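Q: Numbered according to my numbering, the sequence shown terminates at residue 1462, and the numbering increases by one at each position without gaps.
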Amino acid sequence: MKRGLLWLALVGLAFAQSPERKLVFLRSQGVSSWAESDPRFDFSCYLPRRYTLRGLEESLIKATASSGGLPTRLLGTFQGDQVLVARPNLRLEPPLLPLSLTVRNPWRGVVALRQGGREMAIVPGQWQPCTAAPVGDGLYQVTAWSEGGQVHLQDLSPLGPAPTPGQLQGPLRAVISEGFLEHTLQLYRQAHPQLFRFAEPAGRAGFELSHLGLTTIPGHLRAYASVNGQIQGLGKLVEGEWEAPLQLELQGGYARIQLAPQGQTMRLVKPLFAEMPQSWADGLSGMAQRIFSAPLAVPVPGAYLQPLLASGLVTQAELDQLRIQPAGWGDRRSGCLLLSSTPAAAPPEQIGLAAPAGFALALDAQALNRGIAQSLKLPMRVDLPADRVPSPQVLIFKIKLKQLEVQQLNLRYQNGGFRFDPCVVAVAWEAGPLSGLEPGARVVGNAIPILENGQLHLRMNIEKLDILSPQVLQQSPEEQRRLRAQILDGLQRAPLPLPIPTRLPTEVHPQAQLQITRLQADPDALWLAGAWDR
């Protein structure tokens, strides 16, 4: 038994230390050389990873370090802050494979593959064609680029089967992408710059956090930052990195971010692999505590809670049942926070609505039906624009139709739309000094949720219309058809507003607002996708 466990441990160690090919920049400065993974093209990391090079000829480093500004594919054993390249007599393939100057958008990250490697998905459900070696379905870490109108995949490392997309449940649901979280912190830093600066008491040195972000890549939420240090009279000489695990606390629908009690790490990267001064380390730790002890909350769904509660779309009891957890494939593009009444172990397909830097908020059918019933006060008048309303001759009057009055509306969300059966309307008219409310019609059909001119509303699609007015029914068939057309035109052109704001200010930044930019009507819920407007 012990021998078997030892064998498994050795196999695991060998696999963990086996060579792999990564997409890196090769850097050379003076007598120092290193490889660097850059988050701008490597979506499986969130801070630049720098590796000292062992075993790679200096001539190859210098030749590749200036290869048109493109990263190169480096084969080696990556251990901590080092990469070990096999000696020339032990190499089975070249350690460096530079990219062609004709390639576009090279990147490295985690994707799902199917159809023998002919289709890939960066996020669940968003499949696209690709060119790769034949492989089985599953998750892979890959190097990719575009060339000749195709996406090419190389250096595939299997990670196991692709998780089944998560299913979010409950009246209120949300998917918040990593890009949105990072943008939120950047806006917060711009609005509160004093929180992100530190100066030594003597004033001769100090630093600031030039970049701050959140990631789910380690499997839990983690904060990270780039640090720029300055010394008086010498300028910016020091660059560093900071990261720390975070805790999420959900209070009544507000997801608040807090530092974990332990786990902060700091390091200098310029000078390379030097030690951070203790005074700076203490100052950085205190700065992080101040930033995350402030009332910093994830603005979604928090900013929407007041209008949602006021309209009856959600209740406080439902908010108290929400759960939040990070999810992802080990790639920042699929990383997200999920809010739901039940946990979801993997990103849902709706991450496609939120990625790369937005959010998606959903209300289920029960919430929509309740909110619409509460917000629609009947009878409800709908103005008819004058330039859209004909003035027909009805009986002995030359009348003008001014408004529709919705007197009865049985509206239910089902199968991606609102079904009304029936909707009873009357028509407000004027004829010289006279005016009145003419019995209109009973209609059946659907109300489609749309986003138009920055407003959310329902656009009626009439399937059946029955005239109710005895006077109209006494008119000629031609006159009845004309009046029927007027009522149809009025109903279908006069949208019904939804009680959900499309733009909202927050406490993150005084000039930044959340903006709804897209709708997706699923059979069981209405999804609203949005992002910051700046």
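Cβ atoms here follow ideal geometry from the backbone N, Cα and C, with glycine treated the same way.
Remember, it's a predicted structure, so these values are computed and weren't measured experimentally.
With a threshold of 8 Å, are at least 3 pairs of Cβ atoms found where one atom belongs to the stretch 1238-1248 and the other to the stretch 1013-1020?
A: no
Q: Measure the beta-carbon distance from Thr1430 to Gln1443 and round it to whole angstroms, keeping in mind my assumption that it falls under 8 Å.
A: 7 Å
Q: Tell me, please, which residues DSSP counts as bridged to Arg1184.
A: Glu1177 and Ala1225
Q: Which residues share a DSSP beta bridge with Arg1101?
A: Ala1290
Q: How do the stretch 1177-1184 and the stretch 1223-1235 stand: do at least 3 beta-carbon pairs fall below 8 Å, yes or no?
A: yes
Q: Looking only at its own chain, which residues have a Cβ that is under 6 Å from the Cβ of Leu1096, when we skip the five neighbours before and after it?
A: Apart from sequence neighbours up to five positions away, the residues of its chain that approach Leu1096 with a beta-carbon distance below 6 Å are Ser1268, Ala1272 and Pro1276, ordered along the chain.
Q: List the endpoints of the continuous alpha helix (DSSP H) containing Ala1119.
A: Glu1106 to Ala1119
Q: Per DSSP, which one or two residues make a beta bridge with Phe1126?
A: Within the DSSP bridge table, the entry for Phe1126 names Phe1135 as partners.
Q: Asp1461: buried (16+ other C-beta within 10 angstroms of its C-beta) or exposed?
A: Exposed, because fewer than 16 other Cβ atoms sit within 10 Å of the Cβ of Asp1461.
Q: Out of Met1388, Tyr1341, Ala1369 and Lys1330, which one is the CA nearest neighbour of Leu1362?
A: Lys1330
Q: Considering only the beta carbon of each residue, do Tyr1152 and Gly1168 sit closer than 8 Å?
A: no
Q: Between the Cα of Leu1113 and the Cα atoms of Ile1376, Gln1007, Pro1086 and Phe1220, which residue gives the shortest distance?
A: Per the C-alpha coordinates, the member of Ile1376, Gln1007, Pro1086 and Phe1220 positioned closest to Leu1113 is Phe1220.
Q: Candidates Pro1026, Tyr979, Gln1190 and Asn1389: which alpha carbon is nearest Phe1006's?
A: Tyr979
Q: Grouping DSSP H, G and I as helix and E and B as strand, with all else coil, what is Lys990?
A: helix
Q: For Leu1416, which residues from the same chain have a beta carbon less than 7 Å from its beta carbon, with the 5 sequence-adjacent residues on both sides left out?
A: Once the five neighbours on either side are set aside, the close Cβ partners of Leu1416 are Ile1390 and Leu1393.
Q: Where does Asp1248 fall in DSSP's three states?
A: Helix.
Q: How would you label Val1322, buried or exposed, when you count the other beta carbons within 10 angstroms and need 16 or more for buried?
A: Annotation note: pLDDT 49 at Val1322 (below 50); position unreliable, coordinate value reported separately. Buried: at least 16 other Cβ atoms inside 10 Å.
Q: What three-state label does DSSP hand Gly932 in the structure shown?
A: In this prediction, Gly932 scores a pLDDT of 36, lower than 50, which makes its location untrustworthy; the coordinate-derived value is nonetheless stated afterwards. Helix at Gly932.
Q: Can you have a look at Arg977 and say buried or exposed, based on whether 16 or more other CB atoms are within 10 angstroms of its CB?
A: By the neighbour-count rule (16 or more Cβ atoms within 10 Å), Arg977 is buried.
Q: In chain order, what residues of the same chain lie with their CB nearer than 6 Å to the CB of Ala1283, ignoring the 5 residues before and after it?
A: Residues Val1051, Ser1105 and Arg1261 of the same chain have their beta carbon placed closer than 6 Å to that of Ala1283, with the five preceding and five following residues left out of the count.
Q: To the nearest angstrom, how far is it from the Cα of Ala1369 to the Cα of Gly1345?
A: 22 Å
Q: Give me, in chain order, the residues of the same chain whose beta-carbon lies closer than 6 Å to that of Ile1378; leave out the 5 immediate sequence neighbours on both sides.
A: Arg1387
Q: Could you please give the first and the last residue of the uninterrupted alpha helix (DSSP H) stretch that includes Asp1065?
A: No alpha helix (DSSP H) contains Asp1065, which DSSP labels as neither H nor E.
Q: Within its chain, find whatever has a CB closer than 7 Å to the CB of Glu948; leave out the 5 residues flanking it on each side and keep chain order.
A: Phe1006 and Ser1085
Q: So which of Leu1281, Leu1291 and Ala1255 has the shortest CA-CA distance to Ala1274?
A: Ala1255
Q: Grouping DSSP H, G and I as helix and E and B as strand, with all else coil, what is Leu1241?
A: coil
Q: Quick test of your reading: Thr1059 and Leu1024, contact by CB under 8 Å. State the CB separation rounded to the nearest angstrom.
A: Rounded, the Cβ-Cβ distance is 22 Å, inconsistent with contact.
Q: Tell me where the alpha helix (DSSP H) around Gly1053 begins and ends.
A: Where Gly1053 is concerned, there is no enclosing alpha helix (DSSP H), given that its DSSP letter is neither H nor E.
Q: Does the pairing of the stretch 1278-1292 with the stretch 1114-1122 give three or more beta-carbon distances under 8 Å?
A: No: fewer than three Cβ pairs fall under 8 Å.
Q: Can you give me the start and stop residues for the alpha helix (DSSP H) that Pro1405 sits inside?
A: Annotation: the continuous alpha helix (DSSP H) that includes Pro1405 extends over Pro1405 to Arg1421.
Q: Please report the straight-line C-alpha distance between Gly1258 and Ala1354, rounded to a whole angstrom.
A: Straight-line Cα distance between these residues: approximately 58 Å.
Q: Since Val952 contacts Leu988 with CB under 8 Å, what's their CB separation in whole angstroms?
A: The pair is not a contact, with the Cβ atoms about 13 Å apart (cut-off 8 Å).
Q: Exposed or buried, what is Val1352 when buried is set at 16 or more other beta-carbons lying within 10 Å of its beta-carbon?
A: buried
Q: Between which two residues does the beta strand (DSSP E) harbouring Leu1196 extend?
A: Thr1193 to Lys1198
Q: Three-state secondary structure (DSSP) at Gly1045?
A: Correct three-state label for Gly1045: helix.
Q: Of all the options Pro1398, Leu1041 and Gly1053, which has the alpha carbon lying nearest to the alpha carbon of Tyr1068?
A: Measuring from the Cα of Tyr1068, the nearest candidate turns out to be Leu1041.
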